[in-house]
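Visitor: My questions all concern the structure below.
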Ligand SMILES: C[S@@+](CC[C@H](N)C(=O)[O-])C[C@H]1O[C@@H](n2cnc3c(N)ncnc32)[C@H](O)[C@@H]1O
């Protein structure tokens, strides 16, 4: 991710009404570490739930994936690959013929993933690709592989606006062929209190994760955000299933960003919109599949039914 692109996106976001910042910039070296801490939090049930699906249903997934012989897993936004490693290990033990292509915008996290996975699975055929998954789909040469299984885990799709989610999933569909699958994670609608606490943990790690983007603007673009002058404020709306995170200016203030040659005024209690994490029900999952050229083959659930990994096939 170039510094110029970061600068342009920050400029556009802070000039918008309401002000916003893109959550894809959460992930610098510090943001990667903070997200790994979030995944360990008691309140953040999502990772454990999806891991539970992989731990309990790996044979079922293998039967589905290798029914036609060799296959390739392309994981979009792989992060630390910790959950996927469970499957990769199982598939290798079973002698399956497959390769793994993790894609991530963060070169840091991809280096960690590579080291970590190869330490346990030295013979794994792995081709990591650092890049923005909106831009690198065409570089992934789907047509050179007999069967591709795209992975989009962690309910990352919940971070997309609906129009972007449809555009992104449609472009994955266009790169896949009949017989390929998309395995996509969805956080399910549930007790609103449980959802909210996942984004407002008692140790303040999610807060630090959001604040780190202001720090990144200070460090990389010469900003003078006073982090103490902002508050982290997530809210959950059960009508839309959207959990939205804001950083709110506690007092009227002006922030200057040298690289942008610009200053931004904040009113007291003015929010910066940081991220949405939408929660789904099964009808919404089926509608999304249908509107992007897929069909839901099946939904796999964790033991507590908090999360679904939905397996989609190209129609
Ligand atoms: C919330 S983490 C989830 C990681 C992993 N999928 C999981 O379920 O644990 C999102 C990951 O996607 C990556 N990411 C975010 N936006 C991206 C983009 N536009 N292109 C590629 N990777 C992206 C981030 O660097 C981060 O590692």
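Residue numbers (the working numbering): 1197 to 1511. Virtual Cβ for every residue (Gly too), placed ideally from N, Cα, C.
(1) Whose CA, out of 1292, 1236, 1462, lies closest to the CA of residue 1321?
(2) Using a threshold of 8 Å, state whether the C-beta atoms of residue 1294 and residue 1267 are closer than that.
(3) How should residue 1375 be labelled, buried or exposed, when 16 other C-beta atoms within 10 angstroms of its C-beta is the threshold for buried?
(4) Can you say whether residue 1471 is buried or exposed, counting buried as having 16 or more other CB atoms within 10 angstroms of its CB?
(5) Where does the unbroken beta strand (DSSP E) through residue 1346 begin, and where does it stop?
(6) For residue 1299, verify whether its CB is less than 7 Å away from any heavy atom of ligand 1.
(7) Which runs of the alpha helix (DSSP H) spanning at least 4 residues fall entirely within the region 1312-1386, listed in chain order?
(8) With a threshold of 7 Å (Cβ to nearest heavy atom), would residue 1474 be considered close to ligand 1?
(9) Taking buried to mean at least 16 other C-beta atoms within 10 Å of its own C-beta, is residue 1572 buried or exposed?
(10) How about residue 1430 and residue 1444: do their beta carbons lie closer than 8 Å?
(11) In whole angstroms, what separates the C-alpha of residue 1448 from that of residue 1439?
(12) Are the region 1213-1228 and the region 1300-1309 touching, with three or more C-beta to C-beta distances below 8 Å?
(13) For residue 1270 and residue 1446, what's the separation of their Cα atoms in angstroms?
(14) Any chance the region 1482-1502 sits against the region 1372-1389, with 3 or more Cβ pairs inside 8 Å?
(15) At a threshold of 7 Å, does residue 1279 count as lining ligand 1 (C-beta to nearest heavy atom)?
(16) If I follow the unbroken beta strand (DSSP E) through residue 1445, where does it start and stop?
(17) Assess contact between the region 1225-1242 and the region 1479-1495, defined as three or more Cβ pairs (one per stretch) separated by less than 8 Å. Is contact present?
(18) Pull up the distance between the alpha-carbon of residue 1246 and that of residue 1252, whole angstroms please.
(19) Beta carbon of residue 1234, beta carbon of residue 1401: below 8 Å?
(20) Check for me: the alpha helix (DSSP H) holding residue 1449 runs from which residue to which?
(21) Less than 8 Å between the C-beta atoms of residue 1414 and residue 1405, yes or no?
(22) Using 8 Å as the cut-off, can you tell me whether the region 1252-1262 makes contact with the region 1354-1367, which would need three or more C-beta pairs spanning the two stretches below that distance?
(23) So the candidates are 1379, 1282, 1277; which of them puts its Cα closest to the Cα of residue 1310?
(24) Measuring alpha carbon to alpha carbon, tell me which of 1352, 1455, 1377, 1286 ends up nearest residue 1263.
(25) Sort 1288, 1481, 1231 by Cα distance to residue 1358 and report the nearest one.
(26) Need the endpoints of the alpha helix (DSSP H) that residue 1404 sits in, please.
(27) Taking 7 Å as the line, does the beta carbon of residue 1217 fall inside it for any heavy atom of ligand 1?
(28) May I ask which residues mark the beginning and end of the beta strand (DSSP E) holding residue 1390?
(29) Look up residue 1457 in the DSSP assignment and say whether it is helix, strand or coil.
(30) If contacts are defined as beta-carbon pairs under 8 Å, then residue 1379 and residue 1347 qualify, I think. What distance do you get, rounded to the angstrom?
(31) Might you give, ordered along the chain, the residues of its own chain that have their beta carbon closer than 7 Å to the beta carbon of residue 1290, omitting 5 neighbours on each side?
(32) How many angstroms separate the CA atom of residue 1313 from the CA atom of residue 1455?
(33) Considering just the uninterrupted stretch of the beta strand (DSSP E) at residue 1511, what are its terminal residues?
(34) Go ahead and pull the three-state DSSP assignment for residue 1469.
Guide: Answer, in terms of the structure:
(1) For residue 1321, the nearest C-alpha among the options comes from 1292.
(2) yes
(3) exposed
(4) It is buried - the Cβ of residue 1471 has at least 16 other Cβ atoms within 10 Å.
(5) 1344-1348
(6) Yes, the Cβ of residue 1299 comes within 7 Å of a heavy atom of ligand 1.
(7) 1358-1371
(8) no
(9) Missing from the structure shown is residue 1572; the chain here goes from 1197 to 1511 and no further.
(10) The Cβ atoms of residue 1430 and residue 1444 lie no closer than 8 Å to each other.
(11) 26 Å
(12) yes
(13) Taking the Cα positions, residue 1270 is about 43 Å away from residue 1446.
(14) yes
(15) yes
(16) Segment 1438-1445, the beta strand (DSSP E) holding residue 1445.
(17) No: fewer than three Cβ pairs fall under 8 Å.
(18) C-alpha separation (whole angstroms): 10 Å.
(19) Yes, the pair counts as a contact, with Cβ atoms nearer than the cut-off.
(20) Segment 1449-1453 is the beta strand (DSSP E) holding residue 1449; no alpha helix (DSSP H) there.
(21) no
(22) no
(23) 1277
(24) 1377
(25) 1481
(26) Residue 1404: member of the alpha helix (DSSP H) spanning 1401-1417, first to last residue.
(27) Outside the cutoff, so no.
(28) No beta strand (DSSP E) contains residue 1390, which is instead part of the alpha helix (DSSP H) from 1388-1394.
(29) coil
(30) 5 Å
(31) 1258
(32) 38 Å
(33) No beta strand (DSSP E) holds residue 1511; DSSP gives it neither H nor E.
(34) strand
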